[in-house]
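For the sequence shown, counting from 1, position 121 maps to 121 in UniProt numbering; every step adds exactly one.
Glycine residues also receive a C-beta, built at the ideal position from the N, C-alpha and C atoms.
Since the structure is predicted, the reported quantities are computational estimates derived from the model, not experimental observations.
Only one structure is covered here, and it is reproduced in the block below.
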Amino acid sequence: MDFEKVAKQLAHPVGSFGIEVALGMNHLNQFISKNTYDLLQLGDSDKVLEVGMGNGKFIKDILSYGDNISYTGIDISETMIVEAKKLNEKPIDSRRVDIIHASIEKMPFWEEQFNKVCTINTVYFWKAPLIALSEVYRILTEDGVFVLSFRPYIEGQSLDFSQYGFTEYKAEDIMALVNKTNFKIVDTINITEPPVVFNGQTHNLMSQYYILRKTR
């Protein structure tokens with residue numbers, strides 16, 4: 001598979017090839033997604049927002065963490081919105097799930113609407129990171145939890161997408177960014193993921209998880 005062609009689809013999957021790439025990303029992101037949901041410490045009646053839910057394959061997993069969990073997912077890709085709605089017809093019909101076309105920099109929600117928020121491997125594509133984080137802070141309830149998960153850039157180890165419009169972040173870059181906000185850093189966790197094959201090569205990727213809390 002053409003590496004450049006795939007890379008250009010990751011930020012904003014479009015059309016039939018975008019659907020194919022999203023299926024591949026489900027496999028590549030399964031480990032980091034499960035860790036992220038665990039770190040949210042989900043429970044009964046939580047109101048969850050996921051930023052960049054892709055094709056929505058993991059929504060059913062989030063709902064399984066407790067009774068009466070309500071889930072909202074946003075994505076900038078209209079193709080992914082359509083796919084996520086197809087995969088989650090039943091919970092959408094039961095009003096446990098809502099799928100919305102939106103960007104993190106301008107979210108169509110009231111203040112303090114969600115008590116749990118997560119985003120997985122989207123930070124590379126944020127056009128205005130401080131605005132994005134301030135939007136999450138705005139819609140998060142007091143003492144709400146935000147888990148920001150990503151794969152930090154480590155020279156010689158990480159997949160390098162910088163030439164395709166990604167912003168590559170080292171661990172210290174995210175720390176510096178978060179420190180400019182009102183979020184309290186509860187914990188940061190680094191995990192070496194199981195080996196994955198991408199573009200014909202085996203990679204041992206590291207994922208990092210920022211557990212942030214909204215405090216006043």
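- Counting every other CB atom within 10 Å of its CB across the protein chains shown gives S94 a total below 16, marking it as exposed.
- N88 sits close to I59, with the two beta carbons spaced by under 9 Å.
- Taking C-alpha positions only, K90 is separated from T192 by approximately 35 Å.
- Note on geometry: alpha-carbon atoms of H27 and P108 lie some 30 Å from one another.
- Following the DSSP letters along the chain, one finds S70 inside the beta strand (DSSP E) bounded by residues S70 to D75.
- The region 71–79 makes no contact with the region 130–150; the number of CB pairs closer than 8 Å stays below 3.
- If you check the CB distance, E50 and I32 do not come in under 9 Å.
- Cβ atoms of T167 and Y137 stay farther apart than 8 Å, at about 20 Å.
- For S207, the three-state secondary structure derived from DSSP is strand.
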